[in-house]
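Protein chains in written order, with the working numbering: chain A, 10 to 448; chain B, 1163 to 1663.
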């Protein structure tokens, strides 16, 4: 077995050193009838070529986005990833390292996390950010529980235009933690009145920017309304590239930003792993979930980095921790920070502008079918018939036309709506093909 | 200084090169990605266009590649050497798995594409479920949890859902019995879900005392036990059947923390031991890379009793076609967006197929043999509190009693190991052992590597006893000991430019 270096000669000598007659004898504490005498009923080991052949065959049964015009979004986006990103994250010192609990030999991880946290702050307009979460949906759910802790309240008002997977992830926590989560109905053209749903019991308002249907709205008034009642404003971003073009949530009064960072540096990968971003106001720093990297000095006075404020975390606080969370999305955060460093100020702004210009170009062709008045790179289109059927039909013609709203909001009477996302990867011919197909 | 000294002009030392932050290398005008300017035209941003600079630095690609290459050289990984972190299973990460996860048919696929266009991906998920089911002897598998602690959350939510479905009498069940040797995530998970954590003391031989456990379970209101097996003291809970029976008789469920599954994979099925739910860290037992702290993947296997409460989405088959079931009345809910850590599923399945049923048996056998080998080779110099409690499983647990008169602590040994080119073991965990050193060599080390580890550890013990000043170590790492107190007292969590507040 190519991955197992202990030879049978080693094994005999080591068993002698251990004083055991056989490897099986080392399992003496297992109840005898639970110890399997033979290998389980699964295939035996296979060479690299054989595994590659079988898995490649499975991969070939999926339609890759690059095979034709592609317009899916709704929380996972296809952007170009520079070659340097994938090369660098595969360096073994990054790929095969552990959580940096021994900082003297993990400064590489710690420094990029410090840079990552800074980049997330700059993008979102917030003061502090953590070292990442599982994904945007779990980050949003953690944002709600953090708001509950900060305000000592237990009722969240959730926008009907929040991605339903995010709403449901938070609702699952609400069900088991015993707090209230009140979600409104979806409003594809925007114009939702969230402020009127805030009262003296509300811990936070959760709003997505741009929202599920692509709407963008100024959140400043909502922030003021929330703050006036002692509630926090949680802003969810599922397409982080948008913040290269849009006013950041921090500039509109957000208290917590929970975002999906996949769009920068990470493949769609059938939905995971993705990258949860989490940013907040400095005054709430100690109520944040997840790992935080901070600057300090070593015994010689040289600048260095460590994981810090661990007294919030489960491995120190156990049942009094702010969250049970342990793992972050380290390698996805690395891909994000490398890609964003390559982009820089100019590259990100240009990338965002290209996304927006492509979406505007498509929207112009679709005219009155477009439901979303103001948008970044994604909007809802009203079709004459069932959007899911149209998507299936167009997939047969080689076009992945987008995400039917019924896939996320079944039974909401929105079956004729299609979510269409346009990134820099869509070419002029792709836009023309989709416009013609939907005409 | 000059000439006679080892000091350098730059302060850098050979391959140890200081690397400034990206923000300190800002070169306005430089760019690392060439995108054209979008054609000018009216925007549809609703008056919300960003004004002013974001503040991101500008660097060209050569600078960026060099930056991250230099940072990587300040890290220790499995690729560097033995990484004996107890409870973390830092085994070799095969590169085939990386290649497979990057096939466009897996990587460049959207989670909400029509199901007809992702039958291969759904088949792969089903295949992973089949391997996990056979290896654990448990019929239900929830793939979506994003990591081990997330799997714990999922498993304990299923427990709560099952209890609640059992009527009002069960709703009052809030007590979760947790051994005091447990991972911190266990009590944190139970508390996060509103359970009351009841600590079960260790019995002096590194295990749960079954009599004490039965007494605690008999006090009523029991929802579950959360038990790691093999446990964090490095031994197998040989009274596991009594523990399972006690919690079941009390009307509760048995949650097993699967962090240590590597010790028994292919040889013992948790389902045969009475387990109702267990998360599996694909990033431990099945070698998906730890990546400096993630991403992980924590599928949960369920018994018949808990399987109906598994979260959505679930993969179901209709007329030979696989599809995603997004709603189910008994499901506990949704754990995260989309369908789970697909990239990790590909890697884990590639690992499983490479090893096969026979290779996985060898994995656990060699992992356990290696740990026992280290235990026997070091126990005369490092006290091993449970060395007489039966064979070690895949971890060897030592403590600092034998160093008591030297002034050298467990932390000092760990930091001295860094100077020797080793990554330290897990220290000060489990909490039940003072000055714990938990060593998990895994099965992917050569005997030469194990012998080198033994030689270094013996040498360090000798030096400690001879009064060597190990408390200053490390001297040869990219940094010496870092001031964690300062970091926590005045947190600096981001870079700020000169003059910025």
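Even glycine gets a Cβ: it sits at the ideal position worked out from N, Cα and C.
For the segment 1392 to 1413 of chain B, the beta-carbon criterion of a distance under 9 Å to any beta-carbon of chain A is satisfied by 1392, 1397, 1398, 1399, 1400, 1402 and 1403. In chain order, 1319, 1320, 1323, 1471 and 1473 place their CB closer than 6 Å to the CB of residue 1494 (chain B), counting only its own chain and leaving out the 5 sequence neighbours on each side. Residue 268 (chain A) sits in a strand when the DSSP states are folded into three classes. Setting aside the 5 residues that flank it on each side, residue 1633 (chain B) is surrounded in the same chain by 1574, each with a C-beta closer than 6 Å to its C-beta; the list follows chain order. Taking a 10 Å sphere around the C-beta of residue 1270 (chain B), we find 16 or more other C-beta atoms and assign the residue as buried. Residues of chain B with a Cβ closer than 7 Å to the Cβ of residue 225 (chain A) are, in chain order, 1207, 1208 and 1210.
In chain order, 1314, 1315 and 1318 place their CB closer than 6 Å to the CB of residue 1351 (chain B), counting only its own chain and leaving out the 5 sequence neighbours on each side. Using a Cβ distance threshold of 8 Å, residue 1302 (chain B) and residue 1468 (chain B) count as a contacting pair. Contact of residue 294 (chain A) with chain B is assigned, a C-beta pair being separated by under 8 Å. If you keep only unbroken beta strand (DSSP E) runs of at least 3 residues inside the segment 1221 to 1285 of chain B, you get nothing at all.
If you compare the alpha carbons of B:1629, B:1307, B:1288 and B:1220 with that of residue 1196 (chain B), the shortest gap goes to B:1220. Residue environment: residue 218 (chain A) is assigned as buried (16 or more neighbouring CB atoms within 10 Å of its CB, all protein chains considered). Our two residues, residue 223 (chain A) and residue 408 (chain A), have alpha carbons roughly 21 Å apart in a direct line. The segment 295 to 307 of chain A and the segment 132 to 151 of chain A touch, with no fewer than 3 CB-CB distances between them shorter than 8 Å. The Cβ of residue 217 (chain A) sits no closer than 8 Å to any Cβ of chain B. Beta-bridge annotation (DSSP): residue 1361 (chain B) is paired with B:1340. Using beta-carbon distances, residue 1291 (chain B) does not count as an interface residue toward chain A, since no partner is under 8 Å.
Listed in chain order, the positions of the segment 63 to 90 of chain A with a beta carbon within less than 9 Å of a beta carbon of chain B are 63, 64, 65, 66, 67, 68, 69, 70, 71, 72, 73, 74, 75, 76, 79, 81, 82, 83, 84, 85, 86, 87 and 89. Using beta-carbon distances, residue 268 (chain A) does not count as an interface residue toward chain B, since no partner is under 8 Å. Sequence-distant partners of residue 23 (chain A) (beyond 5 residues in either direction) whose C-beta falls short of 8 Å from its own C-beta, in its chain, are 15. Going by beta carbons, residue 1194 (chain B) and residue 350 (chain A) fall inside the 8 Å limit.
Listed by position along chain A, the residues whose Cβ is nearer than 9 Å to that of residue 1580 (chain B) are 111, 113 and 114. Taking 8 Å as the cut-off, the beta carbon of residue 1336 (chain B) is found closer than this to the beta carbon of residue 1357 (chain B). The criterion of a C-beta distance shorter than 8 Å is satisfied by residue 1509 (chain B) and residue 1450 (chain B). Excluding its 5 nearest sequence neighbours in each direction, residue 1298 (chain B) has C-beta neighbours in its own chain below 6 Å: 1431, 1432, 1433 and 1463, listed in chain order. Residue 1419 (chain B) carries a strand assignment under DSSP once its states are collapsed to helix, strand and coil. Chain-order list of chain A residues neighbouring residue 1250 (chain B): 107, by C-beta distance under 8 Å.
Against chain A, the CB of residue 1240 (chain B) has a partner CB under 8 Å away; the residue lies at that interface. Sequence-ordered contacts of the segment 1420 to 1435 of chain B with chain A read 1426, 1428, 1429, 1430, 1431, 1434 and 1435 [C-beta pairs closer than 8 Å]. Annotation: residue 1336 (chain B) has no Cβ neighbours in chain A at a cutoff of 8 Å; minimum Cβ distance is about 12 Å. Pairwise C-beta distances place the segment 270 to 277 of chain A in contact with the segment 246 to 256 of chain A, as three or more of them are shorter than 8 Å. Legend: CB atoms of the segment 1168 to 1181 of chain B lying less than 9 Å from CB atoms of chain A belong to residues 1180 and 1181. In the three-state scheme derived from DSSP, where H, G and I count as helix and E and B as strand, residue 1176 (chain B) is classed as coil. Taking 7 Å as the cut-off between beta carbons, the residues of the segment 398 to 421 of chain A near chain B are 400, 401, 404, 409, 412 and 416, in sequence order. No Cβ of chain A is located within less than 8 Å of the beta carbon of residue 1599 (chain B).
Within chain A, no C-beta atom comes nearer than 9 Å to that of residue 1465 (chain B); the closest sits roughly 15 Å away.
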